[in-house]
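This report refers to the structure that appears directly beneath it.
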Amino acid sequence: MEAEEVAAKPPKGRFCTICNQRRAALKRPKTLEQICRECFYAVFEEEIHGVIVDNQLFKPGERVAIGASGGKDSTVLAYVLSELNRRHNYGLDLFLLSVDEGITGYRDDSLETVKRNEIQYGLPLKVVSYKDLYGWTMDEIVKLIGLKNNCTFCGVFRRQALDRGATLLKVDKLVTGHNADDIAETVLLNILRGDIARLSRCTSITTGEDGPIPRCKPFKYTYEKEIVMYAYFKRLDYFSTECIYSPNAYRGFAREFIKDLERIRPRAILDIIKSGEDFRISTSTKMPEQGNCERCGYISSQKWCKACVLLEGLNRGLPKLGIGRSRGANNEQSKNAKEAKGIDSIQSKQCGTLDF
Amino acid sequence: MACNSATCQSGGCYREDNGDKIDDQFPQPPPAVATESTQQRLSNGKNSDSAFCIKCKLKESMAAAFSSSSASAQVTGGGGGGGRGGASDSSPYCGDCFRSNLYGKFRLAVTSNALISPSDNVLVAFSGGPSSRVAIQFVHEMQMKAQKNFDASRDRSLPVFGVGVAFIDESSSISIPAEKFSQAVEEMRLVVSNLAPPVKEFHVVSTESIYSSDSNNGRNRLKELLNAVADVTGKEDLLVHLRMLALQKVALKNGYTKVLLGTCTSRIACRVLEATVKGQGYSLAADIQYVDARWEIPVILPLRDCLAQELNILCSLDSLKTVEVHNDHHSGINALITSFVKLLQEENPSRESTIVRTAGKLTPFHFNRMPEPDDCNMQLASQRRQKKYNLKPNESLPPESPCRICNSPLKKSDVKSYKLENQIMSAEDISNGCCTSCQFQILPKDISLLEHFYSLLPPQMAARGEYSCLGEDRWLREQIQDCLLSDTEDGT
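Chains A and B, in that order, are what the protein sequence lines are. According to UniProt numbering, the stretch in the first sequence is residues 1 to 356, in order. According to UniProt numbering, the stretch in the second sequence is residues 1 to 492, in order.
Structural data, given as structure tokens:
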């Protein structure tokens with residue numbers, strides 16, 4: 001792994017540039033400073049603390065769910081957040097919330113990791129599964145629709161699943177482990193795909209404040225490489241395999257590019273995020289209006305929320321429903337709704353009965 | 001990921017067909033005229049649809065011409081030109097329709113944004129490459145048409161705009177073998193002189209001429225300045241800024257009123273990503289519009305809607321001579337982005353357009369409008385035109401201050417206010433007068449070197465003041481002229 005080559009010995013006698021006492025053990029990916037492990041832990045943790053304080057992410061007494069996939073980001077997030085909660089007295093009630101998409105060989109293994117995290121960090125765990133919520137696992141979905149748009153389904157379903165799980169836990173806030181690399185990739189993707197509306201929102205550190213559960217990203221300025229390094233040196237228990245369905249995702253282009261970019265100029269990742277924050281996007285640009293889904297009550301800008309649309313497609317064997325450009329989608333939906341109510345109400349599986 | 005955007009054309013939003021406009025325009029079977037080409041088509045047994053131009057449906061499309069002939073489309077001399085590539089370089093249009101379509105884009109850009117007016121004297125920047133070669137050609141055609149109208153008209157009311165061509169000699173900053181260089185310059189001179197009347201002057205300007213002192217001193221200062229920049233990308237970008245200063249200088253000296261760049265869609269797509277990656281998201285909108293009036297001589301980009309591929313095809317179609325002066329090797333971040341965009345374009349041919357369209361939705365600045373001309377009649381005409389094309393009205397916001405080096409508008413929160421004491425610039429003042437991107441990649445890291453670096457800057461950068469919007473001020477003043485009690489602003 002990359003962390004190993006960074007940990008190789010620097011020239012003899014080089015001291016940590018921060019404490020000047022201990023031997024430098026690594027080069028910090030963000031700044032290329034040569035520092036010792038203890039100082040690395042300190043700057044890593046304190047930078048995150050700074051982000052939390054500067055952006056006023058939490059209030060004392062809040063119940064906070066950590067989106068935990070068992071991967072490095074969420075494991076490190078759980079570890080650091082519980083540590084900072086203790087050290088700086090945030091006064092938070094922390095929980096682990098995990099989503100089971102039903103991907104054999106991937107998710108079932110990573111869930112084991114999360115269960116271990118529950119014990120290691122002493123944080124109560126809740127698991128919500130696609131099978132329970134929607135009646136479909138990702139494996140079943142991929143079998144039906146193939147490998148081209150599966151990420152769309154998974155992403156849409158996961159967003160709702162997290163909100164439903166958070167509601168079940170009765171938490172005030174959701175935190176996710178999205179790191180600087182993720183957000184930089186998203187900024188690039190939105191430019192490449194012409195999504196000006198998302199472009200204006202994707203750099204916000206807190207989103208969904210007017211929705212059911214606000215969510216924030218404390219790792220917004222934290223480099224993925226540093227998260228890996230932290231997990232490696234602290235020997236944290238995490239699951240390091242990529243989702244087996246991911247190789248075809250368009251995001252791969254942006255990811256490759258950012259990896260190359262980081263090699264030339266490490267600070268470029270933060271510069272992309274800064275650009276994303278600074279883009280002059282007119283507030284009069286047509287933004288989607290927020291309403292509620294007619295079928296399940298979830299927050300939605302259309303008549304039906306995306307999850308309901310996709311689900312309808314799956315249940316009726318129309319995998320392309322909700323994918324690609326909509327041509328009079330609302331007409332189609334209302335037509336479908338009339339049909340569905342009459343005939344398929346027994347057969348079609350609803351999104352879930354939670355009222356929002 | 002599916003998105004709700006109706007305009008998304010990414011590979012991720014999968015559709016059965018490619019969503020490419022061309023696909024929707026498959027022609028009806030051509031008219032039953034027994035021309036040679038029709039018989040040829042019938043005997044070929046080829047798919048009749050793709051063999052003919054999709055627009056006029058009469059002549060053979062370039063794609064068909066390419067695949068049927070063994071020799072590729074005409075290749076021009078010199079590098080950088082021509083449809084040497086595979087079938088992807090050809091087009092479903094026939095040669096004539098392609099040319100008129102491309103020229104049409106140019107003309108629409110010029111007329112709808114009032115880029116060139118009859119009283120203008122336009123300086124076209126020529127690098128030798130295909131984009132600026134086409135720019136020269138199109139401007140020349142437009143001028144010829146105006147000249148014809150002028151000759152034919154009885155009252156000779158509308159004058160014909162003037163055209164000149166400038167080449168920036170960067171041989172002191174980039175190593176080019178002297179012989180190759182002088183030969184390239186001669187070829188360019190020939191290209192310009194071969195353009196039929198009206199005659200266009202050809203200027204060769206060296207980068208060091210932006211220093212007002214004698215050439216040797218200028219060359220040394222320039223060399224020292226470039227050597228002081230450690231970052232490879234920073235050096236490249238600094239050269240681009242110096243190039244613009246040189247263009248401005250030659251335009252001012254020779255009485256030109258507009259500077260015309262051949263910047264195409266593909267170049268702008270790269271510029272968008274470059275700016276994003278360097279933290280210049282705030283000022284990005286300033287560089288990518290049709291009009292950039294920050295400068296004393298406004299800069300116009302009429303080829304903004306043309307793809308590099310289209311310009312290449314036109315050069316080979318019409319045998320437009322291009323000249324390769326030096327291997328335009330970008331390095332560092334700019335090279336990475338160029339290859340990234342190329343990769344994306346191969347994966348989806350509408351990617352460059354999508355990037356530019358997205359960036360086009362960013363709010364431009366007040367200087368991205370053509371400054372109002374003095375003549376009252378022209379003013380009304382241009383106002384009518386602007387209204388017709390729904391250009392944004394004047395925003396009454398205070399203008400931004402420019403970065404000393406790249407002239408980009410500084411974000412208010414990034415500018416720490418500073419006061420100049422006795423006109424002496426402290427290191428902090430120098431740093432604060434530049435955008436964060438220039439601070440990082442161009443200014444020296446060592447603070448003790450800042451003042452010396454400042455002394456190496458050309459005068460236009462060292463003395464960079466606020467953006468000049470003289471035209472607007474004058475117009476505003478005229479509105480309230482009759483209520484003013486004194487002639488000057490401070491009431492004396």
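Even for Gly, the Cβ is constructed at its ideal location relative to N, Cα and C. Model, not experiment: these values are computed from the prediction.
Neighbour list for residue i in chain B, Cβ cutoff strictly below 8 Å
i	result
VAL187(A)	THR276
LEU261(A)	VAL277, ILE333, LEU336
Residue range of the beta strand (DSSP E) that includes residue i
i	result
ALA312(B)	Strictly speaking, residue 312(B) in this sequence is Asn, with Ala absent from that position. Run containing ASN312(B): none in the beta strand (DSSP E); it sits in the alpha helix (DSSP H), 308 to 317.
LYS173(A)	173 to 175
ALA249(A)	Element bounds for ALA249(A): n/a, residue is neither H nor E.
LYS126(A)	125 to 129
Endpoints, alpha helix (DSSP H) assigned at residue i
i	result
ILE168(B)	No alpha helix (DSSP H) contains ILE168(B), which is instead part of the beta strand (DSSP E) from 162 to 169.
GLY67(A)	Taken as a continuous stretch (DSSP letters only), GLY67(A) belongs to no alpha helix (DSSP H), being part of the beta strand (DSSP E) at 63 to 67.
HIS241(B)	232 to 253
SER131(B)	130 to 152
ALA161(A)	150 to 169
ALA335(B)	332 to 347
ALA184(A)	180 to 193
SER119(B)	SER119(B) -> no alpha helix (DSSP H), and no H or E assigned at all.
Proximal residues of chain A, C-beta to C-beta of residue i below 9 Å
i	result
VAL272(B)	ILE191
LYS361(B)	GLY194, ILE196, LEU199, ILE281, SER282, THR285
PHE367(B)	Correct list: empty, because the minimum Cβ distance to chain A is about 14 Å.
Pick from the options that is closest to residue i, judged by C-alpha positions
i	options	result
GLN147(B)	LYS180(B), ALA196(B), ARG133(B), VAL124(B)	ALA196(B)
SER110(A)	TYR238(A), LEU26(A), GLY91(A)	TYR238(A)
SER67(B)	CYS406(B), ALA51(B), SER112(B), LYS235(B)	ALA51(B)
ASN179(A)	LYS225(A), VAL171(A), LEU147(A)	LYS225(A)
LYS27(A)	TYR230(A), LEU311(A), ILE323(A)	TYR230(A)
ARG304(B)	LEU102(B), MET62(B), TYR93(B), ALA64(B)	LEU102(B)
LYS115(A)	TYR130(A), THR104(A), ILE323(A), LEU97(A)	LEU97(A)
ASP23(A)	PHE40(A), TYR232(A), GLY50(A), LYS30(A)	According to the sequence as given, residue 23(A) is Arg; it is not Asp. For ARG23(A), the nearest C-alpha among the options comes from PHE40(A).
GLY332(B)	GLU262(A), ARG316(A), CYS293(A), VAL128(A)	GLU262(A)
PHE233(A)	GLU38(A), CYS16(A), ASN20(A)	GLU38(A)
Same chain only: Cβ atoms within 6 Å of residue i, ignoring 5 sequence neighbours per side
i	result
HIS326(B)	ILE174, ILE176
ILE244(A)	TYR106
LEU123(B)	GLY164, ALA166, ALA251, TYR256, VAL259
CYS406(B)	HIS241, CYS438
GLY80(B)	Residue placement at GLY80(B) cannot be trusted, given a pLDDT of 38 that sits under 50; what the coordinates show is reported in the next sentence. Correct list, in chain order: GLY129, PRO130, THR322, GLU324.
LEU144(A)	PRO319
GLU179(B)	none
Under 7 Å from the C-beta of residue i: neighbouring residues of chain A
i	result
ARG357(B)	GLY194
Interface partners of residue i on chain B, CB under 9 Å
i	result
ALA180(A)	None at all; the shortest Cβ gap to chain B is about 13 Å.
ARG316(A)	Result: empty, since nearest Cβ-Cβ is about 18 Å, beyond 9 Å.
Proximal residues of chain E, C-beta to C-beta of residue i below 9 Å
i	result
ALA268(A)	Protein chains A and B are contained in the structure displayed, whereas chain E is not.
Under 8 Å from the C-beta of residue i: neighbouring residues of chain A
i	result
THR354(B)	LEU192, ARG193, GLY194
LEU344(B)	LEU192, PHE253
Cutoff 7 Å; reference residue i; Cβ partners in own chain excluding five residues on either side
i	result
LEU42(B)	Summary for LEU42(B): the model assigns pLDDT 45, below 50, so the residue's position carries little reliability; its value from the coordinates is reported in the next sentence. Excluding sequence neighbours, LEU42(B) sits near nothing in its chain.
LYS46(B)	Annotation note: pLDDT 44 at LYS46(B) (below 50); position unreliable, coordinate value reported separately. Cβ neighbours of LYS46(B) beyond the five flanking positions: none.
GLU5(A)	Because GLU5(A) sits at a pLDDT of 47, beneath the cut-off of 50, its placement in the model cannot be relied upon, and the following sentence gives the value as read from the coordinates. Around GLU5(A): no qualifying Cβ.
THR76(B)	Any answer about THR76(B) is weak, because its pLDDT of 38 lies below 50 and its placement is not dependable; what the coordinates show is given next. For THR76(B), where only same-chain residues beyond five positions count, the Cβ hits under 7 Å are GLY82, CYS315, SER316, SER319, LEU320, LYS321, THR322.
LYS170(A)	ARG63
LEU270(A)	ALA180, TYR221
VAL229(B)	LYS235, LEU238, ILE442
Cut-off 8 Å between Cβ atoms - residues of its own chain near residue i, not counting five sequence neighbours on either side
i	result
LEU450(B)	ALA427, ILE430, SER431, LEU443, PRO444
PHE95(A)	ARG63, VAL64, ALA65, ILE66, LEU123, PRO124, LEU125, LYS126, LEU169, VAL171
ALA286(B)	ASP292, ARG294, PRO364, PHE365, PHE367, ASN368, SER408, PRO409
LEU55(B)	One point to set straight first is that residue 55(B) is Lys, not Leu, in the sequence displayed. Counting only Cβ-Cβ distances below 8 Å, and skipping sequence neighbours, we find TYR93, CYS94, CYS97, ASN101.
SER266(B)	LEU307, ALA308, GLN309, VAL341, GLN345, GLU352
PHE453(B)	LEU225, ALA228, ILE430, LEU443, PRO444
Contacts of residue i in chain B (Cβ-Cβ under 7 Å)
i	result
ARG265(A)	ILE333
Quick one: which residues of the stretch 277 to 288 of chain B get their C-beta closer than 8 Å to a C-beta of chain A? List them in chain order. VAL277, LYS278, GLY279, GLN280, GLY281, TYR282, LEU284, ALA285
For the stretch 271 to 295 of chain A, which residues have a beta carbon sitting closer than 8 Å to at least one beta carbon of chain B? ASP271, ILE272, LYS274, SER275, GLY276, GLU277, ASP278, PHE279, ARG280, ILE281, SER282, THR285, PRO288
Members of the stretch 138 to 166 of chain B near chain A, C-beta cut-off 8 Å: none
Against chain B, which members of the stretch 152 to 180 of chain A pass a CB distance test of less than 7 Å? THR152, GLY155
Listed from N- to C-terminal order along the chain, which residues in the stretch 214 to 248 of chain B have their beta-carbon within a distance smaller than 9 Å of any beta-carbon of chain A? ASP231, VAL232, THR233
Just by C-beta distance, which residues in the stretch 9 to 41 of chain A are closer than 9 Å to chain B? Those would be none; no residue qualifies.
Report the residues of the stretch 227 to 260 of chain A with a CB closer than 7 Å to any CB of chain B, ordered along the chain. TYR250, PHE253, PHE257, ASP260
Selection of the stretch 398 to 414 of chain B by Cβ proximity to chain A, strictly under 7 Å: Going along the stretch 398 to 414 of chain B in chain order, one finds LYS411 with a Cβ nearer than 7 Å to chain A.
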